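Just so we're aligned, residue 0 is where the sequence shown starts under numbering that gives the first Met the number 0, counting upward by one.
Using N, Cα and C, we set each Cβ at its ideal position, and we do this for glycine too.
Treat the numbers as computed from the prediction; the structure is a model and nothing was measured.
Data block below; observations after.
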Amino acid sequence: MISKRSALAISLAALLLPLVACSPRPQTPDNGAQSSAKEKQLATVKTTRPSAPPTKALEAAAPVAEANLALERVAEPISLAKSGDSKIRSDSARLAQPVASMMAVGYHSPFPVATSHESYDPTRQSGFILAKTTPLSTFSIDVDTASYANVRRFINDNMMPPPGAARAEEMINYFHYDYPEPRQGEIAIHSELGQNPWRAAANLLKIGLKAKELHTAPPPSNLVFLIDVSGSMNSPDKLPLLQQALHMLTDELAETDRMAIVTYAGDERVALPSTGGGDKAIIHQAINQLAAFGSTHASAGIITAYQLAEQGKIPGGNNRVILASDGDFNVGVTSRDELEKLIESKRQTGVYLSALGFGTGNYKDDNMELLADKGNGNYNYIDSISEAKKVLVKERIANLFTLANDVKIQIEFNPALVGAYRLIGYENRRLASEDFNDDKKDAGEIGVGHTVTALYEILPPDAKDLPTVDALKYQSQSGAGGAELATIKLRYKPKGAKHSMLVEQPVTGPPLALDKTSDDFRFASAVAGFAMLLGDAQQKGQLDYPLVIKLAAASRGTDADGYRGEFVRLVESAATLTKYRREAQKQPQEFPQPRPLIKTLKVE
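So, in structure tokens, the structure goes:
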């Protein structure tokens, strides 16, 4: 039989166990002696690995040690009436297992690689392509920026992102580049040829597009927010952050704009019918009333949101559905193929679909990217209130107002001056050569004032280690074009047009020395290099973190918003995480086995 004192101690132990899992529950206040013991134990934890800098992962061991100490104090006086009472002993062993597991994780992985239920498309690394056999390179433009903000979230949480999270084109295009506006037409082409910072025998070709700015008041907007209010959104970095973002956007609405909200969980609901931008109090109230619960029936919400957008469609205006979610769909149409078909069928209405990603742990990046791509919209990830302001306030016009559709680029390289080339990023945007002239082929959209940047790595014809193929029997090997290294061709449809326009611009040499290139050239190459390091690219040459930091730090320019300075700090953090993770992997580590938290008790 268990004494009252023992039963009370067991109850206290059970109440304290949630501390092991770092659950945010209130803790029983300790007396002075207990606080002193805890401080001593926490000091031991923080000095166990002096070679590693302080991180969130290391500091996370403190609550574990604190909980362990508290449980040992409670369990110490417990005695068991019968030593043969196997139920209490087995419960004690079972309850001790999570603590041992947490202690092992806390000690062994102060710099963990992100492991969770998040999902990303696998990386597709591209190698060099011979110009004499394949002189044409064709791709669809991309103005999404989600990848960079998502990578930043991982690194700020002291975790290295999974390779699939680092998409070079989205990281490069997160930043603004100083390209002049077009003198005629909607889009201007700019190019710069310079020395490759990480491969001495190669050059880099930077291609920049600049869309025409809007110099008058924007057309009215018909916005329908499709908001995930399922249980998975019940986290401070999800629905509450989204609500703050919506409040900021509401304050920017003009009286001619309209906004509606459709929510979905187990089913869909119209939380706010289409409401004029002048009725801000009504919109703010609807935002405040949003709450997370239930499963995730995204497909039903998508259909309702499109119906609402079509009902309130403004001719000549900006008609757009904006999906805000963690992408974790588990009810209704959930497969990617079915979601793709659903969105493709809806985009024929002329209503665009953009995606705003939120959250951690179960984030489905692949779903969100797919929906925005097929919906002719942008894809952004919101990791903070400052990013919400950047996307929905500072860059609202570019992100919400489309200037041109189906924007494609095709480069024809001159085999006489180019041995091989490699497009950095855009792996899921590649097109067949024949797609360039096909106006039925879907491609990317560009917004008012948007810039788009792409980088090609180029090897000269006499470079070592060129890819080899047998000589072509029916093709000329001499090449032509004189001093032209390549010709850039741009094709796009002005918004509302059915037929595309063609713009061409030649690229001539010689390449500039690296120190003679523009700040934009060197900074874009630094961002591309960072993406390649995160993805462990096979073609990274002499790339390392010190080189990326040096390049970026010296090319920040005016940096009015501080985004480039933030990038430098982010790369420095990634370098530190990578260094200590590698050192931890090189040397096997031994850690003390945790003592049992609840001892087998003897008869009193």
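Inset, instruction - Name the residue from A553, L532, Y491 whose alpha carbon lies nearest to the alpha carbon of D518. - result: Mapped onto the sequence shown, residue 518 falls at position 519. Nearest of A553, L532, Y491 to D518, Cα basis: A553.
Legend entry - Reduced DSSP secondary structure (H/G/I, E/B, other) of F529: Position 530 of the sequence shown, counted from the start, is the residue given in the question as residue 529. Looking at F529 - three-state DSSP - the assignment turns out to be helix.
Legend entry - Bridge partners - E423, DSSP secondary structure assignment: Within the sequence shown, the letter at position 424 stands for residue 423. Note on residue identity: the sequence assigns Ile, not Glu, to residue 423. According to DSSP, I423 bridges with L454.
Legend entry - Residue span of the beta strand (DSSP E) that contains R490, given as start and end: By 1-based counting over the sequence shown, the position of residue 490 is 491. For R490, the uninterrupted beta strand (DSSP E) run begins and ends at 483-493, by DSSP.
Inset, instruction - Within the same chain, show all residues whose beta-carbon is closer than 6 Å to that of Q124, passing over the 5 residues directly before and after it, in chain order. - result: Within the sequence shown, residue 124 is the residue found at index 125, counting from 1. A536, Q537.
Legend entry - DSSP bridge partner residues for G193 (one or two, in chain order): Position 194 of the sequence shown, counted from the start, is the residue given in the question as residue 193. Answer is L203, L511.
Inset, instruction - Name the residue from D236, A299, P235, A308 whose alpha carbon lies nearest to the alpha carbon of L271. - result: As a working note, residue 271 is residue 272 in the sequence shown. Minimum Cα-Cα distance from L271 among the listed residues D236, A299, P235, A308 corresponds to A308.
Legend entry - Helix, strand or coil at Q306 according to DSSP, with G and I counted as helix: Mapped onto the sequence shown, residue 306 falls at position 307. Residue state, collapsed to three classes: helix.
Inset, instruction - Quick one: using the 10 Å Cβ neighbour count with 16 as the cut-off for buried, is G376 buried or exposed? - result: Taking the sequence shown and counting its residues from 1, the one referred to as residue 376 is at position 377. When all chains shown are included, G376 counts as buried.
Inset, instruction - Give the DSSP-derived three-state secondary structure of S280 in the structure shown. - result: Counted from its first residue, the sequence shown places residue 280 at position 281. Sequence inspection shows Ala at residue 280; the Ser mentioned does not correspond to that position. Note: A280 maps to helix in three-state DSSP.
Legend entry - T47 in three-state terms, based on DSSP: Taking the sequence shown and counting its residues from 1, the one referred to as residue 47 is at position 48. Confidence in T47 is poor, its pLDDT being 35 and thus under 50, which makes the residue's placement unreliable; the coordinate value appears in the next sentence. Coil, per DSSP.
Inset, instruction - Evaluate I385 with the Cβ neighbour count: other Cβ atoms within 10 Å of its Cβ, from every protein chain shown; 16 or more gives buried, anything less gives exposed. - result: On the sequence shown, residue 385 is found 386 positions in, with the first residue counted as 1. Note that residue 385 is Ser in the sequence shown here, rather than Ile. Under this definition S385 is an exposed residue.
Legend entry - Residue from Y263, K340, T348, L222 with nearest C-alpha to F328: Here residue 328 refers to the residue found at position 329 of the sequence shown. Distances from the alpha-carbon of F328 to those of Y263, K340, T348, L222 put Y263 closest.
Legend entry - Helix, strand or coil at L569 according to DSSP, with G and I counted as helix: Here the question's residue 569 lines up with position 570 in the sequence shown. Of the three classes helix, strand and coil, the one that applies to L569 here is helix, per DSSP.
Legend entry - Neighbour-count burial assignment, D469, 16 or more Cβ in a 10 Å radius: Position 470 of the sequence shown holds residue 469. Exposed is the call here.
Legend entry - Residues near N233 in its chain [Cβ-Cβ closer than 7 Å; skip 5 each side]: Along the sequence shown, read from residue 1 onward, the residue named residue 233 stands at position 234. So the list reads A291, once near-sequence residues are dropped.
Legend entry - Enclosing beta strand (DSSP E) for Q409 [first to last residue]: Looking up residue 409 in the sequence shown gives position 410. Q409 -> beta strand (DSSP E) spans 401-412.
Inset, instruction - Please classify K363: does DSSP put it in a helix, a strand, or coil? - result: Here the question's residue 363 lines up with position 364 in the sequence shown. In the three-state DSSP reduction, K363 falls in the strand class (E or B).
Legend entry - Residues of its chain near K389, where Cβ-Cβ distance is below 6 Å and the 5 sequence neighbours each way are ignored: By one-based count along the sequence shown, residue 389 stands at place 390. If we look at K389 and ignore the five residues flanking it on each side, it has no Cβ neighbours.
Inset, instruction - Give the range of the alpha helix (DSSP H) segment to which D250 is assigned. - result: Locating residue 250 in the sequence shown gives position 251, where the first residue counts as 1. For D250, the enclosing alpha helix (DSSP H) starts and ends at 238-251.
Legend entry - Residue from E565, T132, T137, S190 with nearest C-alpha to T516: What you label residue 516 is simply residue 517 of the sequence shown in a count that begins at 1. Ranking the options by Cα distance to T516, first place goes to S190.
Legend entry - Distance, A280 Cα to K407 Cα: Here residue 407 is taken as the residue at index 408 of the sequence shown, counted from 1. Here residue 280 is taken as the residue at index 281 of the sequence shown, counted from 1. Separation of K407 and A280 (C-alpha to C-alpha, rounded to the nearest whole angstrom) is 42 Å.
Inset, instruction - Compute the Euclidean distance between the alpha carbons of I226 and G358, then round it to the nearest angstrom. - result: For the purposes of this step, residue 226 is taken as the residue at position 227 of the sequence shown. For the purposes of this step, residue 358 is taken as the residue at position 359 of the sequence shown. Our two residues, I226 and G358, have alpha carbons roughly 13 Å apart in a direct line.
Legend entry - Segment contact, 8 Å Cβ cut-off, at least three pairs: the segment 234-248 with the segment 203-218: No, the segment 234-248 does not touch the segment 203-218.
Legend entry - Coarse secondary structure for H107, derived from DSSP in three states: Numbered from 1 along the sequence shown, position 108 holds the residue referred to as residue 107. Caution is warranted here: a pLDDT of 35 is assigned to H107, below 50, making its placement in the model unreliable, and the coordinate value is therefore given only provisionally. DSSP places H107 within a helical segment (H, G or I) once states are collapsed to three.
Legend entry - Contact set for E426: own chain, Cβ-Cβ below 7 Å, skip 5 residues either direction: Taking the first residue of the sequence shown as 1, we reach residue 426 at position 427. Counting only residues of its own chain and dropping the five nearest sequence neighbours on each side, E426 has a CB closer than 7 Å to the CB of R123, S125.
Legend entry - DSSP-derived helix/strand/coil call for I321: Sequence index remark: in the sequence shown, residue 321 carries index 322 (1-based). Judged by DSSP in its simplified three-state form, I321 adopts strand.
Inset, instruction - Could you tell me whether the segment 444-454 touches the segment 151-161, using the rule of 3 or more Cβ pairs below 8 Å? - result: The segment 444-454 is not in contact with the segment 151-161.
Inset, instruction - May I ask which residues mark the beginning and end of the beta strand (DSSP E) holding Y351? - result: Looking up residue 351 in the sequence shown gives position 352. Start and end: 351-356.
Legend entry - Residue(s) in a DSSP beta bridge with Y263: Translated into positions along the sequence shown, residue 263 becomes position 264. Paired residues: D227, E267.
Inset, instruction - Answer yes if the segment 415-425 comes into contact with the segment 173-181, meaning at least three C-beta pairs across the two stretches below 8 Å, and no otherwise. - result: The answer is no - the segment 415-425 does not touch the segment 173-181, with fewer than three Cβ pairs under 8 Å.
Inset, instruction - Can you say whether E38 is buried or exposed, counting buried as having 16 or more other CB atoms within 10 angstroms of its CB? - result: Against the sequence shown, residue 38 aligns to sequence position 39. The predicted model places E38 with a pLDDT of 43, which falls under 50 and marks its position as unreliable; any figure quoted below should be read in that light. E38 should be labelled exposed.
Inset, instruction - List the whole-angstrom C-beta distance separating L532 from P196, where the pair is believed to meet the contact cut-off of C-beta under 8 Å. - result: Numbered from its first residue, the sequence shown carries residue 532 at position 533. Numbered from its first residue, the sequence shown carries residue 196 at position 197. That pair is no contact at about 13 Å.
Legend entry - N375 (DSSP reduced to helix, strand or coil): Taking the sequence shown and counting its residues from 1, the one referred to as residue 375 is at position 376. Three-state DSSP puts N375 in coil, outside helix and strand.
Legend entry - Between the CA atoms of L458 and A527 - distance to the nearest angstrom: Taking the first residue of the sequence shown as position 1, residue 527 is located at position 528. Taking the first residue of the sequence shown as position 1, residue 458 is located at position 459. Cα-Cα distance, rounded: 17 Å.
Legend entry - Spatially closest choice to D438 from L501, G300, A354, N398, by CA coordinates: Working through the sequence shown from its first residue, we reach residue 438 at position 439. For D438, the closest of L501, G300, A354, N398 by C-alpha to C-alpha distance is L501.
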